[in-house]
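Worksheet: one structure, shown below.
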Amino acid sequence: DQQVKQNSPSLSVQEGRISILNCDYTNSMFDYFLWYKKYPAEGPTFLISISSIKDKNEDGRFTVFLNKSAKHLSLHIVPSQPGDSAVYFCAASGPGGGADGLTFGKGTHLIIQP
Amino acid sequence: KAGVTQTPRYLIKTRGQQVTLSCSPISGHRSVSWYQQTPGQGLQFLFEYFSETQRNKGNFPGRFSGRQFSNSRSEMNVSTLELGDSALYLCASSLDRGETQYFGPGTRLLVL
């Protein structure tokens, strides 16, 4: 049973445009959400996070939106740059600071085209 | 600050053998978590250690074990290796549970 789902295995976006990566979750106990970026042969790199008490968090070109009623979050990257090409993972943790560790989606491969 | 380091980076073993992987967390981080990444299952939580104690464990068989030392460095051990254990093993450290986890580069294990 996949509690965190990233339904798009890949996404292609033109350089300079907005990239929108989506993530859905089923466990209503999740209260903290994170996005990680991963290049081949490297570990995931933390990008941005959001607590369930917020609906938006912004950090430079990256903005995460959380819709609790829909159990949906999205990562917006504006403007998209070639270096953004990577696999993006959505992750969630539950109450108690994620006692069960982070639950990850299977990732979306973002390709930025020049 | 130095990031999370993992050794070795690559490892080849045969079925039935055992393996030990090492993780050094970011200085000051006391929580260390381990994850397994495979193409089919994605990233899955193995276990988490804090102050030399395993606080939680994911849904993996007892062949997977770990420990943490007083300096927060952690090791994980897999005994009686199976072909399906071939994966990227990632270690992540954080100040404590609930804090952002920072990942190491991983150890790629191939079981033949």
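Those protein sequence lines, which keep their order, are chains A and B.
Per this note's numbering, numbering through the first sequence is continuous, rising by one, with the last residue being 227.
Per this note's numbering, numbering through the second sequence is continuous, rising by one, with the last residue being 118.
Beta carbons: idealized from backbone N, C-alpha and C, even for Gly.
Range covered by the beta strand (DSSP E) that runs through residue i
i, result
"Ile18(B)", "16–19"
"Thr176(A)", "175–180"
"Gly72(B)", "70–74"
"Arg61(B)", "59–63"
"Gly9(B)", "Segment: none, Gly9(B) is in no beta strand (DSSP E) and carries neither H nor E."
For residue i, the residue or residues it bridges with in DSSP
i, result
"Ile161(A)", "Trp148(A)"
"Thr139(A)", "None; Thr139(A) has no bridge partner."
"Phe217(A)", "Ala204(A)"
"Ala93(B)", "Leu115(B)"
"Ser123(A)", "His222(A)"
"His189(A)", "Ile133(A), Thr176(A)"
"Asn128(B)", "There is simply no residue 128(B) to check, as chain B begins at 7 and stops at 118 in what is shown."
Residue i and residue j closer than 8 Å at C-beta
i, j, result
"Lys193(A)", "Cys136(A)", "Per the sequence shown, residue 193(A) should be read as Ser rather than Lys. No, the Cβ-Cβ distance between Ser193(A) and Cys136(A) is not below 8 Å."
"Tyr55(B)", "Gln42(B)", "no"
"Leu134(A)", "Leu223(A)", "yes"
"Tyr205(A)", "Phe146(A)", "The sequence given here has Ala at residue 205(A), not Tyr. Yes."
"Arg79(B)", "Ser30(B)", "yes"
"Ala98(B)", "Tyr108(B)", "yes"
6 Å Cβ shell around residue i - same chain, five flanking residues per side excluded
i, result
"Leu101(B)", "His35"
"Leu236(A)", "Limits of chain A in this structure are 114 at one end and 227 at the other, which puts residue 236(A) out of reach."
"Leu27(B)", "Met82, Tyr95, Thr113"
"Lys150(A)", "Thr158, Leu160, Ala199, Tyr201"
beta-carbon residue i near the ligand SAM non-hydrogen atom, thresh 7 Å
i, result
"Gln50(B)", "Looking for the ligand SAM in the displayed structure turns up nothing, as the structure carries no ligands at all."
Taking any Cβ of chain B, which residues in the region 152–165 of chain A have a Cβ under 8 Å from it, in chain order? Closer than 8 Å at the C-beta level to chain B, one finds these residues of the region 152–165 of chain A: Ala154, Glu155, Gly156, Pro157, Thr158, Phe159, Ser162.
Of all the residues that make up the region 136–152 of chain A, which are near chain E by a beta-carbon distance shorter than 9 Å? Protein chains A and B are contained in the structure displayed, whereas chain E is not.
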